[in-house]
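Numbering (the working numbering), first residue to last: 2 to 227.
Using N, Cα and C, we set each Cβ at its ideal position, and we do this for glycine too.
Since the structure is predicted, the reported quantities are computational estimates derived from the model, not experimental observations.
Accompanying notes for the structure given below.
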């Protein structure tokens with residue numbers, strides 16, 4: 002689906018099975034629907050961490066990292082390691098170690114042209130999440146990165162984040178989704194495999210079974226993790 006303006010100038014949404022849909026185009030319209038945030042909600046916003054809020058980062062093994070592309074698009078990327086892998090250097094500075102990945106380096110490339118960054122930290126079993134907004138630079142400072150070594154390997158790069166906003170996010174989304182309830186977890190085999198998706202997109206001759214076998218072996222050996 003794509004937004005296209007019609008003759009009157011208001012956006013219309015076109016897509017399969019959709020002719021048009023009313024859209025909200027102003028803050029006034031939005032606030033008429035949602036109302037205003039309470040003073041309690043506004044009070045949670047801070048421009049740095051304190052001894053309480055930093056614990057959400059120090060106990061988190063997983064963070065989603067959002068950055069902006071030069072073409073105006075956006076990327077969001079998962080990062081995970083043992084709890085505390087994102088280091089709190091001081092109340093206004095974080096360090097994310099960059100582990101080996103697919104080498105597309107979308108997040109890193111984006112930050113070279115647009116330093117804005119947004120982080121969402123999750124802790125297994127906890128409904129509240131923690132959000133950080135700020136700006137970031139890349140670093141290859143070996144002395145700084147040494148404390149982020151895993152399995153004897155120091156990361157070659159890190160993302161140094163200057164915090165501009167830090168705040169907790171209420172648990173409603175995770176409670177509604179019942180995300181941490183293991184009874185709701187599904188088996189990976191119930192979804193299309195990585196190889197099947199690649200084959201359907203751009204590699205028609207891919208041997209899916211062999212691809213999945215080799216991939217599972219690499220994961221079992223933790224090959225390329227660090």
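DSSP beta-bridge partners of residue 98: 159
Pairwise C-alpha distance: residue 22 and residue 34: 17 angstroms
Collapsed DSSP secondary structure at residue 29 in the structure displayed: helix
Cβ contact check for the stretch 144-155 and the stretch 184-195: 3 or more pairs under 8 angstroms: no
For residue 119 and residue 67, believed in contact at Cβ under 8 angstroms, the rounded distance: 4 angstroms
Residue 124 classed as buried or exposed, judged by whether at least 16 other C-beta atoms fall within 10 angstroms: buried
Own chain partners of residue 166 with C-beta closer than 8 angstroms, once the 5 adjacent residues on each side are dropped: 46, 47, 48, 132, 133, 134, 135
Identity of the residue in 162, 92, 57, 75 nearest residue 122 by Cα: 57
Segment contact flag, the stretch 156-163 with the stretch 197-216, C-beta cutoff 8 angstroms, min 3 pairs: no
Close-in-space but distant-in-sequence residues of the same chain around residue 229 (CB under 6 angstroms, 5 per side omitted): One cannot answer for residue 229 here, as it falls past the ends of the chain, which runs 2 to 227.
Alpha helix (DSSP H) segment containing residue 108, residue limits: 107-114
Beta-carbon proximity check, residue 88 vs residue 101, cutoff 9 angstroms: no
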